[in-house]
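Read the structure below first, then the notes.
2 protein chains.
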Amino acid sequence: VKLRLEYDGARFAGWQWQKNARTVQAELEEAIRRLTGTFSRVTGASRTDAGVHAEGQVANFRTETTLEAARLPSALNAHLPADVAVLEAGDAAEDFHAQRAAVSKLYRYRILSTRVRRPLRAGRVLQVRRALDEQAMRACAERLAGRHDFGAFASERGRYRSTVRTVMRSELLRSGDELHFLIEADGFLYNMVRALVGTLLEAGAGKLGADAFGGLLEGRDRSVAGPTAPAHGLCLVRVNYEPAAAQARASGHEVSER
Amino acid sequence: VKLRLEYDGARFAGWQWQKNARTVQAELEEAIRRLTGTFSRVTGASRTDAGVHAEGQVANFRTETTLEAARLPSALNAHLPADVAVLEAGDAAEDFHAQRAAVSKLYRYRILSTRVRRPLRAGRVLQVRRALDEQAMRACAERLAGRHDFGAFASERGRYRSTVRTVMRSELLRSGDELHFLIEADGFLYNMVRALVGTLLEAGAGKLGADAFGGLLEGRDRSVAGPTAPAHGLCLVRVNYEPAAAQARASGHEVSER
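Just so you know, the sequences run in chain order A and B. If you're matching positions, the first sequence starts at 4 in the working numbering and goes up one per residue. If you're matching positions, the second sequence starts at 4 in the working numbering and goes up one per residue.
This is the structure:
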């Protein structure tokens with residue numbers, strides 16, 4: 004079964020199961036166990052960190068339940084806490100793996116540059132008290148498109164065989180009084196989006212030009228990358244997969260993913 | 004001083020001071036006392052109920068402080084909890100009264116018609132599991148414009164000398180996957196917006212036609228008004244005043260309100 008999920012990351016210690024911590028994976032596995040009576044391991048497309056939100060996380064699990072996929076969202080939501088919900092469910096190919104099959108993921112980071120706090124957006128948007136040079140930030144954001152070594156923007160570089168990733172989309176959009184950084188890539192390193200946002204904010208504060216930013220990408224000067232921006236401004240918007248037909252052909256199965 | 008405020012109503016027992024309850028007025032009076040060293044009574048334009056949000060509440064108070072009005076938002080916010088903030092402050096005419104001087108108030112009620120919960124909008128929008136007849140709701144909403152007796156939509160009719168109010172704007176707008184009911188009037192009775200929304204939802208469920216709704220407004224059939232919709236979908240968007248010049252003329256003072 005393939006699920007699409009939304010959650011408010013504020014009170015979760017992230018996606019992945021941890022001993023003695025409240026995680027989305029654990030809540031979901033518990034809901035499935037309560038509904039079906041048996042334990043199923045859940046695999047998520049993205050291991051979002053503590054505090055990171057999702058409006059389009061994708062996960063998969065195997066089950067023997069006879070419940071139709073279309074009825075799973077309501078059935079599982081009845082067992083899930085208020086800050087996480089299954090939005091959609093569908094039958095998936097036998098070997099579907101939410102993380103490995105993902106072609107790309109899209110994240111959004113919300114920034115609000117105002118001197119005063121906005122309580123109705125607290126926990127959803129990063130408030131920056133200083134004015135930001137939007138043009139400088141946009142110039143840097145646009146440099147990210149394409150294939151680059153993002154080693155300068157990874158918190159734990161050592162764990163990767165390669166830190167090269169391909170960015171299909173990277174833009175800074177104005178949405179009312181907010182700035183939204185949208186980035187879609189074939190993969191993300193640990194803390195990569197938040198490190199990129201921290202660096203874009205340095206550019207917005209006039210501390211870093213587009214050329215120095217470009218240098219970071221070419222691995223020339225890794226010391227100038229900015230700090231990691233807080234988790235609460237970040238949201239996993241969407242995970243993209245090959246169209247179902249192509250995927251079924253590739254795996255040799257009949258089409259069964261909706 | 005005239006203030007513009009934003010708050011998340013979820014953890015407040017409403018605007019107005021109450022013994023042993025957390026209210027916006029009490030938090031604000033405490034912040035002013037801590038900042039200036041003396042108590043000032045704060046008057047709000049609207050006594051929003053428990054759970055109702057505001058992005059444009061207006062309040063006034065008198066103070067001897069020598070702090071410039073422009074510095075008050077940051078100074079007060081330092082003493083206010085995370086779920087309320089002063090967005091703007093300005094000097095007001097000596098006799099300015101946030102509630103009595105208000106020409107009109109604009110409220111927004113957010114409705115989301117989906118079978119599944121949306122955790123990222125929990126507490127901000129009313130989720131309705133059934134499909135809604137948007138056209139029927141719109142026809143009813145549009146009937147509200149003008150001068151009407153809203154007695155059928157007041158929770159405590161007895162406390163009003165007159166239950167006649169003038170609605171300048173009443174519309175149902177689609178905003179992405181949400182329906183927003185926007186209503187601006189020269190005054191609102193207790194629970195009036197929420198009773199109107201409850202009745203619009205009955206129309207949306209096919210239980211009430213536009214003519215029966217019109218009958219309610221003419222006071223002919225008060226028993227058919229719908230239930231009071233929950234507080235958390237409601238937000239006080241804006242309070243309108245006469246332009247400063249007109250107000251100063253009327254009160255005989257020089258212009259001092261920003």
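In this text, a Cβ means the ideal position worked out from N, Cα and C, and glycines have one as well. It should be emphasised that the depicted structure is a prediction, and the values quoted were computed from it without experimental measurement.
| Check | Outcome |
| --- | --- |
| DSSP-derived helix/strand/coil call for D152 of chain B | strand |
| Y10 of chain A - partner residues in DSSP beta bridges | A:A57 and A:V87 |
| Span of the alpha helix (DSSP H), counted from its first residue to its last, around V27 of chain B | V27 to T39 |
| Counted within 10 angstroms of its Cβ, other Cβ atoms place K22 of chain A as buried (16 or more) or exposed | exposed |
| Simplified DSSP state of E174 of chain B, which is helix, strand or coil | strand |
| Reduced DSSP secondary structure (H/G/I, E/B, other) of F216 of chain A | helix |
| A188 of chain B in three-state terms, based on DSSP | strand |
| Any C-beta of chain A under 9 Å from that of N80 of chain B | yes |
| V136 of chain B: contacting residues in chain A (beta-carbon distance under 8 Å) | First, the residue type needs correcting, since residue 136 of chain B is Asp and not Val in the sequence shown. By Cβ distance, chain A contributes nothing, its closest Cβ being about 22 Å from D136 of chain B, past 8 Å. |
| Residue-level contact to chain B via CB, C143 of chain A, 9 Å cutoff | no |
| Close Cβ partners of A48 of chain B (< 6 Å) along its chain, the five nearest in sequence each way excluded | V61, A101, Q102, A105 and V242 |
| Rounded C-alpha distance that separates E137 of chain A from L147 of chain A | 16 Å |
| Below-9 Å beta-carbon distance, S116 of chain A vs any chain B residue | no |
| Chain-ordered chain A contacts of L90 of chain B [CB-CB under 7 Å] | V119 |
| Proximity test, Cβ basis, 9 Å: V87 of chain A and chain B | yes |
| Own chain residues within Cβ distance below 6 Å of H151 of chain A, not counting five before or after | L220 |
| Chain B contact residues for E9 of chain A, given Cβ-Cβ distances below 7 Å | R121, P122 and L123 |
| Cβ neighbour criterion (16 or more within 10 Å) applied to L176 of chain A | exposed |
| Span of the alpha helix (DSSP H), counted from its first residue to its last, around L109 of chain B | Not the alpha helix (DSSP H): L109 of chain B falls in the beta strand (DSSP E), residues S107 to S116. |
| Nearest-angstrom Cα separation, counted from G54 of chain A out to V87 of chain B | 21 Å |
| E33 of chain A at chain B interface by Cβ criterion, 9 Å | no |
| Listed by chain order, chain B residues near H56 of chain A by CB distance under 7 Å | L123 |
| Assigned exposure category for P76 of chain A - 16 Cβ within 10 Å defines buried | buried |
| Test: W18 of chain A CB closer than 9 Å to a CB of chain B | no |
| Helix, strand or coil at G179 of chain B [DSSP, three-state] | coil |
| Beta-carbon spacing of L239 of chain A, A57 of chain A below 9 Å | yes |
| Where F42 of chain A falls, given that 16 or more other Cβ within 10 Å makes a residue buried | exposed |
| Nearest to G190 of chain B (by Cα), restricted to the options B:G236, B:Y244 and B:L204 | B:Y244 |
| Residue-level contact to chain B via CB, R127 of chain A, 9 Å cutoff | yes |
| Three CB pairs or more closer than 8 Å across the region 192–204 of chain A and the region 155–165 of chain A | yes |
| When A:R168, A:Y110 and A:R133 are compared against T117 of chain A, the one with the closest alpha-carbon | A:R133 |
| Environment of G255 of chain B [buried if 16+ CB atoms lie within 10 Å] | Bear in mind that the predicted position of G255 of chain B carries a pLDDT of just 40, short of 50, making it unreliable; the figure below should be weighed with that in mind. So G255 of chain B counts as exposed. |
| Cutoff 9 Å: S77 of chain A Cβ touching any chain B Cβ | yes |
| Whole-angstrom distance between P230 of chain A and I35 of chain A, CA atom to CA atom | 38 Å |
| Close-in-space but distant-in-sequence residues of the same chain around A13 of chain A (CB under 6 Å, 5 per side omitted) | G126 |
| 9 Å Cβ cutoff met for N80 of chain A and R120 of chain B | yes |
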